[in-house]
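So in UniProt numbering, the last one in the sequence shown is 476, and the numbering has no gaps at all.
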Amino acid sequence: MMHNSQSGSKCSIATLPIREISGRVLPIICFDSGHIFGSALHHALQLARTRSIATITNTTRSIVLLLDFYISTDADNLASDGDRQRFLTTFALALQNGTSVPDGIDPTGLNWKPRSLRESRRVWQNCEKFLIECRHFPKGRHPIENTWLFTTDLRLKKLARTTSKSLSLFAHLKFGEQNGIDWIPRYSGIAANQRRAIGFPTDKIMKLITTTLENNRASKAARLRDALAFILLAYGGIRSSELFHIWITDIVLNDSGARAFLRHPSDYTVKRAGMTITRRSELSDRYNLIPRHMMDPSHPLHAGWKGISFDYNHSAVVYWIPPVIGKIFANLHMLWVSKFRPVAPDHPYYFTSVDIDGDFGGPWTRSAFRRSFKAACARIGLQLDQAKGISPHGMRHAYGIAATTLGLSQSAIQQMLHHRHPLSQEVYKQQSFDQVTSQIQYAYENLKSETLTTPNFDSFFWKSDPQRLFNTWRHS
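Put into structure tokens, the structure is as follows:
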């Protein structure tokens, strides 16, 4: 059990291994006395059914902030709804602005620094869900939990009842500057200051793939696997983390080539023997594994999963740009599964480790992928540079920019990128300075002979210079 605490915190977060499932730990909150905060543990267990360990850890850290503020402000007399609402408002203010007052004194001793609007709201939303769920937690307590802890939970349940009336502090604050809090709307798919998406250099993408296939220093299996992954990133537009959740059954061949699917790593279902089975159940029952996004982030096999928009049954198809890529992928896929993919009865994942990765036949890891991508870039004279789009995610950006350039409808682009909100692809519409300047010049050159004339400033000068003092200057 490893303990860690935030600066000034009154609590610690411990990681509790789950022995029944390899690689899984659960974060719990402990007080200095050693007591475990039961409500937070119950909440973590509830989240563990569907959420990743990273999400549970972030939620637990948010609850620690709420508890720290509760303890540090001596908020043990919240008799009325007004008192409880003021406590929540003060907590929200402290999240955004820090805990120091204008004279530099911090009465709480927490030493919180100001947080961004997005971070403040994320913490608040985690706490809000926890407070609302507190109402449904069991009343029973382990005998070692002292009276103070029990009382604290009762106080939090009162806070939960207050919070649940509006379901959100934002309803009380009206999204404005009321009470000094400048909350932004709930949807945060695109930040107001998000910069233009920079894609991987398009003239280098095919070169990256062909040189990977021609690299005689690597085994044929490694070359083929890497090329398939790069095609999915650049011509299918998927996120690099999604590579590690693809099962071998997620690639389907048809007359037009290969069709790839992104399926939820735990909730996608199939029918077997008249029963509906989730991927999470199949991983557990058949392979003694858990979904990779639910593993501890420090586990070598962990891979994140960002929520996407599904077509049906927690499944979404990958769209190739251009469609002919489906046939190219199909040819490489048939070689991979028939000759080079090691027989791996202990896992269902499409991409596997090969000779250069060490764990032969095991699921491909993020670190091994990053090494392959970095080496592939180096072979064509590129160094990883996120700012220039030379990164795995830069390939997704290149895909999004290509989809926008093709003039496809917004709904089509949203479906291709699997975005849950249409505003998410706005970053691909933003253009560089040179692109905008070139369009202005092109438009000007085409229109000036037809509709544009030299501006006549006489009326302007007459109004601003009635005595015509600048007459000589105007005509010189």
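Beta carbons are placed, not taken as given, at the ideal position from N, Cα and C, and that holds for glycine.
C-alpha distance - residue i paired with residue j, whole-angstrom precision
i: P27; j: F130; result: 15 Å
i: F340; j: F369; result: 17 Å
i: A271; j: I321; result: It is Lys, not Ala, that sits at residue 271 in the sequence shown. Cα to Cα, K271 sits roughly 32 Å from I321.
i: R196; j: S241; result: 22 Å
i: A221; j: V337; result: 10 Å
i: H314; j: H264; result: 5 Å
i: L301; j: I13; result: 23 Å
i: D346; j: H245; result: 15 Å
i: L406; j: P323; result: 13 Å
i: V64; j: E133; result: 16 Å
i: S100; j: R121; result: 19 Å
i: M1; j: I198; result: The predicted position of M1 is uncertain, since its pLDDT is 48 and thus under 50; no value can be drawn from it.
i: F200; j: L88; result: 45 Å
i: S52; j: V317; result: 23 Å
i: D68; j: H299; result: 29 Å
i: G48; j: F360; result: According to the sequence as given, residue 48 is Ala; it is not Gly. Going by the C-alpha atoms only, they are around 30 Å apart.
i: L283; j: G274; result: 18 Å
i: R292; j: K388; result: 30 Å
i: Q125; j: Q414; result: 26 Å
i: S391; j: T73; result: 46 Å
i: I144; j: A40; result: Only weak support is given to the placement of I144: the predicted model assigns it a pLDDT of 32, under 50, and the question is left unresolved by the model.
i: G38; j: I325; result: 53 Å
i: Y86; j: H418; result: In the sequence as displayed, the identity of residue 86 is Arg instead of Tyr. Spanning the two alpha carbons is a distance of roughly 40 Å.
i: L202; j: I29; result: One detail in the question is off: residue 202 reads as Thr in this sequence, not Leu. Near 48 Å, if we compare the C-alpha coordinates of I29 and T202.
i: A218; j: R259; result: 27 Å
i: W364; j: N111; result: 42 Å
i: R223; j: R286; result: 30 Å
i: T59; j: M294; result: 14 Å
i: I248; j: H35; result: 46 Å
Simplified DSSP assignment, three categories, for residue i
i: W124; result: helix
i: Y350; result: coil
i: P363; result: strand
i: L253; result: strand
i: I205; result: helix
i: G385; result: The question names Gly, yet the displayed sequence has Asp at residue 385. The answer is strand: DSSP assigns D385 an E or B state.
i: I390; result: strand
i: E214; result: coil
i: R118; result: helix
i: T108; result: coil
i: M295; result: coil
i: A222; result: helix
i: G326; result: helix
i: L406; result: coil
i: T50; result: coil
i: A192; result: Any answer about A192 is weak, because its pLDDT of 43 lies below 50 and its placement is not dependable; what the coordinates show is given next. In this structure, A192 counts as coil in the three-state DSSP scheme.
i: W305; result: coil
i: A375; result: helix
i: K113; result: coil
i: T73; result: coil
Beta-bridge partners of residue i, as assigned by DSSP
i: K317; result: Correcting the residue identity first, residue 317 is Val in this sequence and not Lys. In DSSP, V317 forms a bridge with F261.
i: Y312; result: S315
i: K271; result: T276
i: L16; result: L26
i: F31; result: C11
i: W247; result: Y349
i: I36; result: C30
Nearest to residue i (by Cα), restricted to the options the options
i: R61; options: P297, R272, V123, F91; result: V123
i: T50; options: A92, R379, R280; result: R280
i: L16; options: D296, L384, A92, I380; result: D296
i: I71; options: C11, I56, Q125; result: C11
i: K204; options: I53, A376, H35, A40; result: A376
i: I251; options: T73, P348, T278; result: P348
i: F91; options: T59, N58, C127; result: C127
i: Q386; options: F37, R379, M395; result: M395
i: R225; options: I390, T269, N111, S353; result: S353
i: I209; options: A258, Q415, R379; result: R379
i: S256; options: T59, D311, R223, K327; result: K327
i: M206; options: Y287, D311, I248, F329; result: F329
i: Y312; options: I277, Y319, T276, Y268; result: Y268
Residue i CB to nearest heavy atom of the ligand COA below 7 Å
i: H419; result: What this structure holds is no ligand at all, so the ligand COA is not there to describe.
| message | Taking 8 Å as the cut-off, does the region 305 to 313 touch the region 321 to 340 (at least 3 CB pairs, one atom from each stretch)? | response | no
| request: Determine contact between the region 91 to 99 and the region 114 to 131, defined as no fewer than three beta-carbon pairs at a distance below 8 Å. | output: yes
| said: For the structure I just gave you, are there three or more beta carbon pairs, one from the region 395 to 403 and one from the region 228 to 240, closer than 8 Å? | reply: yes
| Contact between the region 105 to 113 and the region 38 to 58: three or more CB pairs below 8 Å? | no
| query | Should the region 203 to 221 be called in touch with the region 404 to 412, which here means at least 3 C-beta pairs below 8 Å? | reply | no
| said: Does the contact criterion of 3 or more C-beta pairs under 8 Å hold for the region 360 to 374 versus the region 220 to 229? | reply: yes
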